[in-house]
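To start, the structure itself, in structure tokens.
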Ligand code: BYC
């Protein structure tokens, strides 16, 4: 373990010593930009400016953390699923999220930063995960709303990210998107079932939508004008579309799905415009910033659970390392 801690400290220092764009070799920087502009992928062994490496590592690792932390609000309902069928489907979905986290950590590690380091940054509060997972899941219909809205929002974002410029991220997204569409459907199926049920079940479904609608819109991040990372992200094609463009796409496709099953979007300002897009009300940005600063309803619980699970699993990692060391000695 000692060796890994020293390695982590070195990596931390690397980021403090990161070159600015002005300090980079300008010829290489120009060739790098031209490659991106031609639509070619950047692969791990290709030259890239430190800032690009850092930007992609930040986004991918936060994405991986979101997948893993996102298992907690759903895991909360596994033992209380209303049928064996529902339980099996939810279990499969949660396992998929673990797999997504794994692909993403592995793809991010190709940038030269270890998974241990990413996790350490998460535990130290230096890395974020999606704000949505800091809200509680209070009843079974929240499982429907999470699948329908949270995975639905994630798909809109991730379909766009399939075309991202960093090769390993782009390829991970192709695979993840296939699974996400099953997740979105399982959530929508739960909501549709609830809406065919008793008045009480319908009220539960509407209540889930009321609580999770606005936090789902926040998943896309701040408005473009307040998004410090969007400039470089677009220039380097890390993001192909902006936060506001993706949020609009999500709203436009989700409103009709709500109406089809008799749900009402909790936004009195929602209005279909002649251009076919929905105009919508103001998002509570104070709430958003509060949640990403660590003060949401479940931030402390989510992180504490992750830290505990990580510590409880230390013996597995130590055993794997000891086994790997033995193999080196043997060969
Ligand atoms: N939550 O400059 P901006 C899933 C941060 S999981 C928290 O616009 P960017 C699932 C942002 O990081 C799928 N933080 O940033 C799993 C930045 O802070 P830093 C999750 C947020 O990167 C289990 C600052 O605010 N999907 O589907 O250009 C069960 C300024 O923002 C949020 C992804 O992770 C937020 N919502 O754009 C069920 C997608 N929004 O880092 C389902 C990958 C912003 O400078 N990520 N921040 O300290 C992205 O596409 C982009 O990173 C974002 C933000 C659109 C989220």
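Residue numbers (the numbering used here): 110 to 440. Where a beta carbon is used, it is the ideal one built from N, C-alpha and C, also for glycine. This one's a predicted model, so the numbers in the text were calculated from it and none came from an experiment.
Kindly indicate which three-state DSSP category residue i falls into: helix, strand or coil?
{"i": "residue 388", "result": "strand"}
{"i": "residue 329", "result": "coil"}
{"i": "residue 347", "result": "coil"}
{"i": "residue 68", "result": "Since the first residue shown for the chain is 110 and the last is 440, residue 68 is missing from the structure and cannot be characterised."}
{"i": "residue 457", "result": "Summary: the structure shown does not reach residue 457, with the chain confined to residues 110 through 440, and so no result is reported for it."}
{"i": "residue 423", "result": "helix"}
{"i": "residue 132", "result": "coil"}
{"i": "residue 339", "result": "helix"}
{"i": "residue 222", "result": "coil"}
{"i": "residue 114", "result": "Summary for residue 114: the model assigns pLDDT 49, below 50, so the residue's position carries little reliability; its value from the coordinates is reported in the next sentence. It is helical."}
{"i": "residue 403", "result": "helix"}
{"i": "residue 238", "result": "coil"}
{"i": "residue 51", "result": "The first residue shown for the chain is 110 and the last is 440, placing residue 51 beyond what the model contains."}
{"i": "residue 305", "result": "coil"}
Is residue i near the ligand BYC, in the sense that its beta carbon is under 7 Å from a heavy atom of that ligand?
{"i": "residue 215", "result": "no"}
{"i": "residue 411", "result": "no"}
{"i": "residue 234", "result": "no"}
{"i": "residue 68", "result": "Outside the shown range of the chain (110 to 440) lies residue 68, about which nothing can therefore be said."}
{"i": "residue 136", "result": "no"}
{"i": "residue 358", "result": "no"}
{"i": "residue 291", "result": "no"}
{"i": "residue 414", "result": "no"}
{"i": "residue 331", "result": "yes"}
Among the options, which has the Cα closest to the Cα of residue i?
{"i": "residue 135", "options": "149, 150, 153, 157", "result": "157"}
{"i": "residue 419", "options": "439, 174, 324", "result": "174"}
{"i": "residue 237", "options": "245, 227, 246, 291", "result": "227"}
{"i": "residue 212", "options": "288, 391, 146, 233", "result": "288"}
{"i": "residue 282", "options": "176, 395, 437", "result": "176"}
{"i": "residue 250", "options": "163, 310, 239", "result": "310"}
{"i": "residue 388", "options": "354, 372, 407", "result": "354"}
{"i": "residue 170", "options": "150, 153, 222", "result": "222"}
Pull up the CB-CB distance for residue i and residue j, whole angstroms please, since I reckon it's below 8 Å.
{"i": "residue 256", "j": "residue 315", "result": "About 16 Å separates the two Cβ atoms, so there is no contact after all."}
{"i": "residue 267", "j": "residue 286", "result": "5 Å"}
{"i": "residue 274", "j": "residue 186", "result": "38 Å between Cβ atoms; not a contact."}
{"i": "residue 414", "j": "residue 181", "result": "6 Å"}
{"i": "residue 325", "j": "residue 367", "result": "Not confirmed; about 12 Å, so no contact."}
{"i": "residue 239", "j": "residue 148", "result": "28 Å between Cβ atoms; not a contact."}
{"i": "residue 342", "j": "residue 348", "result": "4 Å"}
{"i": "residue 232", "j": "residue 416", "result": "5 Å"}
Since residue i sits in a beta bridge, which residues does DSSP pair it with?
{"i": "residue 275", "result": "151"}
{"i": "residue 380", "result": "388"}
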